[in-house]
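Chains as they are written, first to last, in my numbering: chain A, 2 to 419; chain B, 2 to 419; chain C, 2 to 419; chain D, 2 to 419.
The beta-carbon is built from N, C-alpha and C at its ideal position, and this holds for glycine as well.
All of these numbers come straight from a predicted model, not from anything done at the bench.
Here is the structure we will look at, set down as structure tokens.
Protein chains: 4
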Amino acid sequence: MKIAIIGAGSPYTPELVLKLSGVQERLPVSEISLMDIDENRLGIMHGFCERYAAGLGYEVDFTYTRDLQRAVEQADFVVTQLRVGGNKARANDEKIPLSRGYIGQETTGPGGFMKALRTVPVVCGIAEVMEEASPHAWLINYTNPTGIVAEGLYKTSKIKHACLCSGGLFPAWNTSNALNVPPESVRFDYAGLNHLNFAYNISVNGRRITKEELAKVLALSGSVDTGLLSSIGAFASPYLQYYFRRAEMLKKQLDAPRTRAEDVMALEAEIYDAYGDPGNNKIPEALHKRGGGGYSEVAIGVMDAAYNNIDKLMVVNVENMGTLPFLPDDAVIETNCVVNASGVKPIATPPPPKSVWGLISAVKNYEQLTAEAALTGSKELALQALVAHPLVGDYDGAKGLLDEMLEANSAYLSGFGL
Amino acid sequence: MKIAIIGAGSPYTPELVLKLSGVQERLPVSEISLMDIDENRLGIMHGFCERYAAGLGYEVDFTYTRDLQRAVEQADFVVTQLRVGGNKARANDEKIPLSRGYIGQETTGPGGFMKALRTVPVVCGIAEVMEEASPHAWLINYTNPTGIVAEGLYKTSKIKHACLCSGGLFPAWNTSNALNVPPESVRFDYAGLNHLNFAYNISVNGRRITKEELAKVLALSGSVDTGLLSSIGAFASPYLQYYFRRAEMLKKQLDAPRTRAEDVMALEAEIYDAYGDPGNNKIPEALHKRGGGGYSEVAIGVMDAAYNNIDKLMVVNVENMGTLPFLPDDAVIETNCVVNASGVKPIATPPPPKSVWGLISAVKNYEQLTAEAALTGSKELALQALVAHPLVGDYDGAKGLLDEMLEANSAYLSGFGL
Amino acid sequence: MKIAIIGAGSPYTPELVLKLSGVQERLPVSEISLMDIDENRLGIMHGFCERYAAGLGYEVDFTYTRDLQRAVEQADFVVTQLRVGGNKARANDEKIPLSRGYIGQETTGPGGFMKALRTVPVVCGIAEVMEEASPHAWLINYTNPTGIVAEGLYKTSKIKHACLCSGGLFPAWNTSNALNVPPESVRFDYAGLNHLNFAYNISVNGRRITKEELAKVLALSGSVDTGLLSSIGAFASPYLQYYFRRAEMLKKQLDAPRTRAEDVMALEAEIYDAYGDPGNNKIPEALHKRGGGGYSEVAIGVMDAAYNNIDKLMVVNVENMGTLPFLPDDAVIETNCVVNASGVKPIATPPPPKSVWGLISAVKNYEQLTAEAALTGSKELALQALVAHPLVGDYDGAKGLLDEMLEANSAYLSGFGL
Amino acid sequence: MKIAIIGAGSPYTPELVLKLSGVQERLPVSEISLMDIDENRLGIMHGFCERYAAGLGYEVDFTYTRDLQRAVEQADFVVTQLRVGGNKARANDEKIPLSRGYIGQETTGPGGFMKALRTVPVVCGIAEVMEEASPHAWLINYTNPTGIVAEGLYKTSKIKHACLCSGGLFPAWNTSNALNVPPESVRFDYAGLNHLNFAYNISVNGRRITKEELAKVLALSGSVDTGLLSSIGAFASPYLQYYFRRAEMLKKQLDAPRTRAEDVMALEAEIYDAYGDPGNNKIPEALHKRGGGGYSEVAIGVMDAAYNNIDKLMVVNVENMGTLPFLPDDAVIETNCVVNASGVKPIATPPPPKSVWGLISAVKNYEQLTAEAALTGSKELALQALVAHPLVGDYDGAKGLLDEMLEANSAYLSGFGL
């Protein structure tokens, strides 16, 4: 059994190694192929992974390469965790919109749009290579914006894939914490988009939780106003704040001394120093400050379901196929799915509360236009997508913003009149 | 044949009388019942209508009353053209949002929301009276927001109704002007919502117009950027500016010395003076500056189709019934319909360009929540509706805005925690 | 203005000439091109048409040709009224099924299936020629099975077309006769398939007819049991008898001395003798015994709407586009449409009574499979289509029946393993 | 944990006891309440169950009662396996249609229709009692026609329920046997109705099986012609024979010396003698000749998923909710579902091959009409249902058949003009 990690220079690679070491009986991996285009980081992570696995007593071969084809050949699973343009590009995603009065964020708003234009063609290109080199392998993506990446994959590839986010774990974790019950006892309907999802009809061992219990769950959610969510009757992704608290979030960003990407770049220098230290075989403390973990748990869930052909209920980004009646059949949604060796399928889910249908529709429309723009390089479509985004909306604003963002990203794009 | 005009004190009543006088053979009206709750205006308009009809040589009885029941009894058509709270309330609709940084407009944005809360219960109440007093009569509404009024009527009444806007005439008029062809030679697909509609696949005598011809049509449209509409491939309602040029429109409003309502109130003083002059039987010049005419042409089209049972293709606000696949079946849309004595039915229409689906969905969602809030008096729903509006979106902003608007309108509302 | 008639040797051609002569102001036809592959009949009809028009004082040029391309060039309307294989093939359509215990009928059941296999490729071939020779012309088809022909046209052609049946006139005619009201005062919802349609919600000048009035209308319908239709609440095509009275209809056919085709062939000899008589310029009496007229009225309705670009409400076979929720979007249904120069579009129609949804679905499924079989020449699909037909159903029976019918029709088919 | 068995006098009760004894750790049952209205059989089965459990070393309390309320009180699961009218009524279901030339079968055709009229109100009545007496319990039904029973339950009850059939196990069993792979390695799409279902896209450990492998699977299926199924590309329920081999099946039934019910009645006498023997604690050999086992395995699967809140993929009869686009949303379909403590939900499934859509639609239409007739006692609806059945279709035939069947079943019905 072989796993290829694309973007293996990421500081999160060891977390995946750690989780894999814990499930060796279920997932008997013999080779982990590390692939990255950044030779320096790749070298550092390869060295560290070998020391780290040795320290864990985990016997597995680590190979490494800058050649995609070689990495994915014979693989059973190809994990994509890349970042086109690195944190420098991310800093632009955050700063350019903000300088023009729009939310500057990695996945939501114009920043996510720009990241999608850079990323969708790359991940779809990996799937294309897989169709030749490892047609039966699964592509497991947790590169963001994972929902728009999924749009691209469904439109261009026949490879089995699972576009994931750790957000699907939050409703059970939150309910567990708030009500002091095991997370496995919790079930819920879950629908929406990546980073714009809602969980409702929450039950514990088959018993629907009361309004009072829901209030406790929401109080821990750290998302938008609890009163609003109570009135809507749903648990929500914390990213909902960028829509429903747009004024406050924008103010926070404008007041912040540095963007998130700049903080991360500072941290990463420290983290890679630690990874590169030949005497070190521990994951550096600083990584926890970096945030963003948890994906490896979901990724390993998919691998387990697929490799061992067991039926698992998981939140994945999949084609709608009639699940949400107010979205096109070919729209990618994030919802409860059954995963097994034959693939990923959404389960029938009553729609989320009506008061968020419009927002979901608007963001999905933006996402579909963005995926199409990313795949075709059409500047016209890119502009329509940006105008369609609920956090932009304004044509004149979108035009100037698009021009500046395209120029700043010209190294990672083709088409778009560049 | 009897026509009841509800809100007959409106300065536009004589326009309807004029148009009716021109189609006496098709619509042999014997009585026009003028109803208004404003005794003063009602008196003025009754007097003027009699003089005006006499001047036209139009023989018809004008009755007048402040009693709704009496007005609608035995009527064949009940025309609603009322304005709950008058222009004073409209001034609030414009000023309160603007003072908080939101577009202040009579039909689009928070102003239209507030107008809907005041208006929907009143028009639905008229329909309720009709169900007893004139169950076979048609209700012809051109009170705005006519699309949200239609939502209310479909949810609460079995009366035949047509909620109209003159906007349905624009695509043919514009094409006619731009290409120098008769308006009757023009056909088009038309879909969307009231004040958020799109016309596409325009043809002249069955020949689809070219891109170059479309560009000429758009150049006359006075809506948003022609380049954007060309790229979308559709003619749009001028109200689209409030969405796609929101920054510029807001700036214009903030820079204006007075709101539209204030201008109108000044004009109306002049207009009513003229109407009230016992020696005058002409429509005053100032009315043309007032704007907003054209509805009577559409209203008479419906009356002709219904009374004479002929099949007319007209733009009406009707239940979706599967016409637009991305909206609920019970959503009211504005689209091409067949009107005849048996009622109004949408015709199958290919969906508008995909790049506006999200905006239409979001506004429709807001409209459905608003209609429900108006009918139930629920403040929770009202807040959800305002948050769902693409021009509001922000929860904190919506909360303060709602509180202020509800208080300012308390005389015209019940429920909402007032 | 030029009209091409394909299959002009048909004895019904003069009826179309007669109707055209009555609407010269609305349809100023200068040339009628008569096309047929049967030289003899073509000659007879050309001669007769000239004498007939002269007798009517109708000035129009009759040209004639066996060349399709020439016939359709520059045409505004191409009328298809052909019969592949003539009445001999029809006799087989009736006799072969009957000999095996199945209904033998020209349009319903295995006979209609066989006729579709012969006819669909021919009419689609005409449309293909039109795409080059007269791309803006309309194809007006009344060759049966017109609903399956429409399936073929929608799948293969961009030509504007209207597949017609006189059955759409029956509900108004029947209501008119039963209630003594003018047919133009009648409106109704109408949905289903060609020869399997239902009319309901019948109104007269906007007033829904009562149960008692409906009973009177049904009593004149000559379709299946009036009690059953009352209980269903709909007027039905007389062809419904082949489904709901299948035992009785089969018995009648088995008891008949000759099939319908054999009767017709005898009559036609007489009819053509009269047409061929150089001294005769009258439509022969015997034609009325032949039955089947009325189409020309509908055809001229479409020409009027298209040529003069006026909006007419007519029953046409069109793509479903969401009109009937229980059928695929690409299924052809027969329903109320708006026809004008821009094309034909269904109007939103509440579904027919639920108790006939299953039958309509089953027959539509058979029709779609048949159209696909006709266009591909696949014997596998042909067999699946025949098994799917509610009047066949049996696999073993279908197999033998198909083999015999294919062999008997081998001169008119390609593919099907022949 | 308490299980109530309604219709516990059935000879299959011990099979359920046996299976429960094998999963005591997962399902720690303390009481099994046996309920039946047949005092004699109830006594026999109670005595036997006690001896049988003792023989198995299975410690559980058997209570028994003829009082439904008492049986279901405090139950966690209520299993319905009753037979209204017993095998005598079944004999009528088989004989009356056959005497009139229609298939006589317990679940398919007029026999299943009659059984539904008797059964649906009884099972819905049990659910009604549960809503008071054990509102959190699950109703597990394997009384046939289980699909029509499910229609009744969804329309009338809020109780959690699973209407089951062992047919959902066949595709995996058959594939396992044909390809020599473990059944757990097999996955498939599965859709249709109870006793009219199709399995397709079969895979083994994620690998789609080849055409040649499918041929092997079909060769073992014992359903209709393998060539036909190959051409359709799906595995089918053996009950498909009653539709696609209707002539042959009818002939077989007409040639049989006795109906199935008569055979069963003879066998049952023998079986109950054995059960009643106080010295016997073994399931009698004759039961295996009786056929029809296997349900208990599926029932225990549901109990395990619900009681232990684990996610199981199982075939259940559930509301469509958009799964099959050609059926109404409220239609009950038989398809792959996820079962856990929160309930049963269908998973998104591509539709079955198009060539069976019509048949499925027709049978579903009949089933919905039948359920409504059963719940309302409307003879009009009952007649419409019977006419809508693809194996009846004929109005005159249906009328006589209905009259005779209603009269023969008058003891078990109310309404229907009896």
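Worksheet item: Taking Gln242/C as the reference, which of Val393/C, Gly23/C, Asp94/C and Ile104/C has the closest Cα?
Response: For the residues Val393/C, Gly23/C, Asp94/C and Ile104/C, the minimum Cα distance to Gln242/C belongs to Ile104/C.
Discussion item. When you compare the stretch 269-283 of chain D with the stretch 50-68 of chain D, are there three or more beta-carbon pairs, one atom per stretch, that lie closer than 8 Å?
Written reply: As far as the Cβ criterion goes, the stretch 269-283 of chain D touches the stretch 50-68 of chain D, which means the pair count is three or higher.
Discussion item. Going residue by residue through the stretch 195-271 of chain D, where are the continuous alpha helix (DSSP H) segments of at least 4 residues, counting only ones entirely within it?
Written reply: Correct list: 212-220, 227-233, 242-245 and 247-256.
Worksheet item: Since Ala389/B and Ser356/A are thought to touch, with beta carbons under 8 Å apart, how far apart are those beta carbons, to the nearest angstrom?
Response: The C-beta distance from Ala389/B to Ser356/A rounds to 6 Å, short enough to meet the 8 Å contact threshold.
Fill in: Residues bridged to Glu32/C [DSSP beta-bridge criterion]
Beta-bridge pairing links Glu32/C to Lys3/C and Asp62/C.
Worksheet item: Would you report the Cα separation of Gly113/B and Met304/B, rounded to the nearest angstrom?
Response: About 27 Å.
Worksheet item: Considering only the beta carbon of each residue, do Val79/A and Ser167/A sit closer than 9 Å?
Response: Result no, Cβ atoms of Val79/A and Ser167/A do not sit closer than 9 Å.
Discussion item. Under 8 Å: do the stretch 141-154 of chain A and the stretch 329-347 of chain A share three or more Cβ pairs, one atom per stretch?
Written reply: Flag = yes, the stretch 141-154 of chain A and the stretch 329-347 of chain A touch.
Item to complete: Please check the pair Met406/D and Met115/D, which I expect to be a contact at CB under 8 Å, by giving their CB distance rounded to whole angstroms.
Response: Confirmed, Cβ separation roughly 5 Å.
Worksheet item: Name the chain C residues whose beta carbon is nearer than 7 Å to that of Gly234/D?
Response: Going along chain C, no residue has its Cβ under 7 Å from Gly234/D, so there is no contact; the nearest lies around 10 Å.
Worksheet item: Which chain B residues are close to Asp397/A, counting only those with a beta carbon under 7 Å from its beta carbon?
Response: What Asp397/A touches in chain B: Arg246, Ala248 and Glu249.
Discussion item. Could you compute how far the alpha carbon of Lys252/C sits from the alpha carbon of Asn206/B?
Written reply: Their Cα atoms are separated by approximately 52 Å.
Worksheet entry | CA-to-CA distance, Leu392/D to Arg246/D, given in whole angstroms | The alpha-carbon separation between Arg246/D and Leu392/D amounts to approximately 11 Å.
Discussion item. I'd like to know if the stretch 55-74 of chain B and the stretch 24-42 of chain B are in contact, where contact means that at least 3 CB-CB pairs between them fall below 8 Å.
Written reply: Output reads yes: the stretch 24-42 of chain B touches the stretch 55-74 of chain B.
Discussion item. Can you look up Leu140/B in the DSSP assignment and give me helix, strand or coil?
Written reply: Residue state, collapsed to three classes: strand.
Practice prompt. Using alpha carbons as the reference points, say which of Cys125/B, Glu133/B, Leu170/B and Pro172/B lies closest to Ala151/B.
Written response: Comparing alpha-carbon positions, the option among Cys125/B, Glu133/B, Leu170/B and Pro172/B lying closest to Ala151/B turns out to be Cys125/B.
Practice prompt. Specify whether the stretch 373-380 of chain B and the stretch 63-75 of chain B touch according to this definition: at least 3 beta carbon pairs, one from each stretch, less than 8 Å apart.
Written response: Contact between the stretch 373-380 of chain B and the stretch 63-75 of chain B is absent: fewer than 3 CB-CB pairs across the two stretches fall below 8 Å.
Item to complete: Could you please tell me which residues of the stretch 291-318 of chain A, in chain order, have their CB closer than 8 Å to any CB of chain D?
Response: Those residues of the stretch 291-318 of chain A that come within reach of chain D (Cβ to Cβ, closer than 8 Å) are Ala307, Asn310, Asp312, Lys313 and Leu314.
Practice prompt. Would you kindly report the start and end of the unbroken beta strand (DSSP E) that includes Met315/B?
Written response: Note, Met315/B: beta strand (DSSP E), Lys313 to Glu320.
Fill in: Nearest-angstrom Cβ-Cβ length linking Phe236/D and Phe199/D, presumed shorter than 8 Å
Contact check for Phe236/D and Phe199/D: beta-carbon distance about 7 Å, within the 8 Å limit, so the pair qualifies.
Worksheet item: Listing by chain order, which chain C residues have their CB less than 7 Å from the CB of Gly207/B?
Response: Those are Ala307, Asn310, Ala342 and Ser343, listed as they occur along chain C.
Discussion item. What does the Cβ neighbour count give for Asn178/A, buried or exposed, with the cut at 16 atoms within 10 Å?
Written reply: With a 10 Å radius around the Cβ and a threshold of 16 neighbouring Cβ atoms, Asn178/A comes out exposed.
Worksheet item: What does a CB cutoff of less than 7 Å around Cys131/B pick up in its chain, not counting 5 residues either side in sequence?
Response: Contrary to the premise, residue 131/B reads as Met rather than Cys in this sequence. Excluding residues within five positions, the ones whose Cβ falls inside 7 Å are Val73, Val79, Ala138, Leu140 and Ile160.
Worksheet entry | Beta carbon proximity, Tyr367/D to chain F, threshold 9 Å | You won't find chain F in this structure, because its protein chains are A, B, C and D.
Worksheet item: Which bits of chain B does Arg188/C rub up against, with CB to CB less than 8 Å?
Response: Near Arg188/C (Cβ distances below 8 Å), the residues of chain B are Asn310, Asn341, Ala342 and Ser343.
Worksheet entry | Contact residues within the stretch 374-391 of chain C, judged by C-beta distance below 9 Å to chain D | Look at the stretch 374-391 of chain C: the residues with a C-beta under 9 Å from a C-beta of chain D are Glu381, Leu382, Leu384, Gln385, Ala386, Val388, Ala389, His390 and Pro391.
Item to complete: Please name the residue or residues paired with Phe78/B in a DSSP beta bridge.
Response: Phe78/B is bridged to Ile4/B and Trp139/B.
Fill in: 8 Å contact criterion, which Leu360/C and Leu370/C should meet: CB distance rounded
About 16 Å; that fails the 8 Å criterion.
Fill in: Any 3 or more C-beta pairs closer than 8 Å across the stretch 268-275 of chain A and the stretch 2-14 of chain C
The stretch 268-275 of chain A is not in contact with the stretch 2-14 of chain C.
Worksheet item: Quick one: which chain B residues come within Cβ less than 9 Å of Leu370/A?
Response: The CB of Leu370/A comes closer than 9 Å to the CB of Lys355, Ser356 and Gly359 in chain B, given here in chain order.
Discussion item. Using C-beta distances below 6 Å, list every residue in its chain close to Asn93/B, excluding the 5 sequence neighbours before and after it, in chain order.
Written reply: Excluding sequence neighbours, Asn93/B sits near Ala409.
Worksheet item: At which residue ranges does the stretch 70-116 of chain D contain complete beta strand (DSSP E) runs of 3 or more residues, listed in the order of the chain?
Response: As far as the stretch 70-116 of chain D is concerned, its whole beta strand (DSSP E) runs of at least 3 residues are 78-81.
Worksheet entry | 8 Å Cβ cut-off: residues of chain B touching Ser222/A | Ordered by position in chain B, no residue passes the 8 Å Cβ test against Ser222/A, which lies about 14 Å from the chain.
Worksheet item: Between the Cα of Thr260/D and the Cα atoms of Glu213/D, Arg91/D and Gln82/D, which residue gives the shortest distance?
Response: Ranked by Cα distance from Thr260/D, the options Glu213/D, Arg91/D and Gln82/D are led by Arg91/D.
Item to complete: To the nearest angstrom, report how far apart Glu16/A and Ser297/A are at their CA atoms.
Response: Taking the straight line joining both Cα atoms gives about 7 Å.
Discussion item. Quick check on Leu288/B: buried or exposed, where buried means 16 or more other Cβ atoms within 10 Å of its Cβ?
Written reply: So Leu288/B counts as buried.
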